[in-house]
Every structure is written in structure tokens, then in C-alpha cells.
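Written below as C-alpha cells is the structure these notes are about.
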Amino acid sequence: MNEIIQNLEREFNVQILKSILPLKGENTYNTDESGRITSLYLRKIELSNIDRFLDTSSSLTELSLEFCEIRNIKSIKSFNQVKKLILSYNPLLSSEIEQIKYLKELNHLELNSVELKNTKFLQDLVNLELLSLCGSDHLYEIKELENLDKLRNLNLSFNRIDSFSKLSLNKNIESINLRSGKLTSLVGVEKYPNLIELNLSGNSISKIENLENLKNLKYLNLSSMRLSKIEGLDKLYELEVLDISDQLIKLIEGLGNLKKLKQLNLSENNISRVENLDNLQNFEYVLLEHNDIVEFDSKFLNYLNSSCFISLVGNPIKEIKGYVPDNVKIQFEEPNWVPKSL
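Numbering (the numbering used here), first residue to last: 2 to 343.
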């Protein structure tokens, strides 16, 4: 076993497993053929700084230190081979976070619940493909990242961003997560036509608009907002997953053009009748839980191309009048129900 690993296990009374891939909830490491550490994943070990790992700086390509009470990362620039860096849930000093700008090989960076005030220090990390800055209470905008043309996946959930105008990103971005933010409208989202996934759950948006330019969108989460009407979705021909649960919606409408839709969540609304779904033949999973449903137009069930699960848990309706094909399973009751999301 590597001496660095042995010393860590002894000092902190932990077990660190050798593994090619990280294991959820475990401390792990891996080495190359000569025994040099190439990856290190540690959690909840009070390290305070990263200096003890300097001997691995020439070989380490993956470094994850979560909940490790790290404040000092002055030596991070020495780890110039690292491609994946995770320093989430640490009290990092803001004056030192900017040292990350020297890691030019980075393609994966997670700084969740780290106190960031700006993202300018990231502007030259041109190899970044995934960036997660979830839960930064003082992050109000994402600026000067237009040059990161390899960036595809961006997680900005639980932040203070209140408008798409506060984002300066390359148009190649494919996935944006702004869950539980401060958005009040969708104005500006049209700047990102290559989006495949968009999560806006938990924002204060009251109208679906400005989505017609997102021709590639396959996943859209608009749950837990202030919507009273399904609208503005008719141009999203590639959409496969749609979550508009926990709203004020009364009518199922505006979905007829979404012929590739496979998963739909309309739970926790004010819907009384299931209707207007006849054009949607690719359903696999439909959630209509905890509405006011008393009527169910079952014609669309006959057109479904594959097996489909439909949940009507928490509604007045307890049976479907009419024929239900064998490939369709409908659930009316569920003990210990909890809200679901897609």
C-alpha cells in the first residue's frame, strides 16, 4: 500500500480502499502501474490543507476532498495534471480559490457550497466540460465564461441568480441546472439553442415562454413554480421528459406536438380531467398524483407503443371506465406516498 495512504489511515483512523472507480460513501484511491497515486477520493477527514499530497502532484489526475475542513489550497497550482477536482463543502478562503485558475487540464470542477462571489478565475480553463457551483449564497452572476466552448454541463442550483441575463456562457452549453434559484422569467434562455437538459424547478416563474428556440431540448423540469397554464411548449419536438408538477394547473393542454414525450409529471396540480393526450404514443411513465381527477379519457391508452405506468394515487378516481390494454399499468393507491420527480 502507498505510504501516503497508510499515513492517512493511521492518522485519521479511516479505511481507504483501492478502486478503479470511486465508490459512493467510501474513501478510495487508485494508482498507476508504478504505484503512483492517480486518483484520491476522501470525505469527512479534517485535513485543513492539501500540502500533504504534494508528492502526488505529478501523477494525480482526480482529486476529490469533500467535507474535509479545507481552508488553505495555496499549493493547488502544483497539481497541474489534475483533470477532475472536487472541493465541495469546504470553508475555502476566497482569496485562495482563484489559485484553481492554474489547473489548465481541468475538465471537471465541483465547488458546491463554497463561498464564491464571482467566476472570473475560471475564464481560462478552456478544457472544462462540467462545472458545478451549487449552493453559493453570494453568487449573483456567472460572467466571462463565453470562451469555455467545451463546457457542456453547468449546475447552478441553490444560488442567487435571478435572470438569464446574469449568465455569460458559450452557446454550446447542453445542460443547465438552476433549480431553487431566484428566476422570475425565462427571458434570455433563448441564447442557448443547444440545450438538451434544463432544470428550473423551484423558481418563481409564472409563465412558460421563450423556449421555441431550444430545438434540441429533451429534458425540462419546471416543477414547483407558479404556473397556472401549460403553454409555450409546442415547438419542443425532441422533448422526452417533462416535469410540471406542484403548480396551479387545471387543464391538460398544449402537449399535442410533443410526440417524443416518454415521461410526464403533472402531479400536485388542480386537474380534474385527463384529456388531450391522444397524439402522445410514446409514454412510458405518467404521474398524475394528488390532483382532483374524477374523469379519465382513456382513448390514448390504445395508441401507446410500449409498456406504460400511470399513477393516479391521491385522486378521487378509483377506476378507469373503458378498456385498459395489457401494456398499461395504472396505480390508484400507494402506502407511504412521497412526492416524485423526473
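Ideal Cβ placement from N, Cα and C applies to all residues, glycine included.
Three or more Cβ pairs closer than 8 Å define a contact, and the stretch 157 to 169 meets that threshold against the stretch 132 to 144. In the structure shown, Ser207 falls within a coil segment according to DSSP collapsed to helix, strand and coil. Rounded to the nearest whole angstrom, the CA to CA distance from Gly26 to Lys219 is 31 Å. Annotation: the continuous alpha helix (DSSP H) that includes Glu97 extends over Ser95 to Ile98.
Its Cα nearest to that of Lys216, the residue Tyr193 stands out among Leu265, Ser202 and Tyr193. Going by C-alpha positions, Asn283 is about 12 Å away from Asn258.
DSSP lists no beta-bridge partner residue for Asn292. For Ile321, there is no enclosing alpha helix (DSSP H), since its DSSP letter is neither H nor E. Val275 counts as buried, since no fewer than 16 other beta carbons sit within 10 angstroms of its beta carbon. Counting only residues of its own chain and dropping the five nearest sequence neighbours on each side, Glu213 has a CB closer than 6 Å to the CB of Lys236. Gln124 sits in coil when the DSSP states are folded into three classes, being neither helix nor strand.
In this structure, Leu179 sits near Leu157, with a CB-CB distance shorter than 7 Å. Beta-bridge annotation (DSSP): Leu155 is paired with Leu132 and Ile177. Taking the Cβ atoms as the reference, Gly189 lies roughly 6 Å from Ser164, within the contact range of under 8 Å. Looking from the CA of Ile77, the closest CA among Phe68, Leu61 and Tyr90 belongs to Leu61. Closest option to Leu132, judged by alpha-carbon separation, among Asn119, Gln264 and Asn113: Asn113. A straight-line Cα-Cα distance of about 22 Å links His139 and Leu129.
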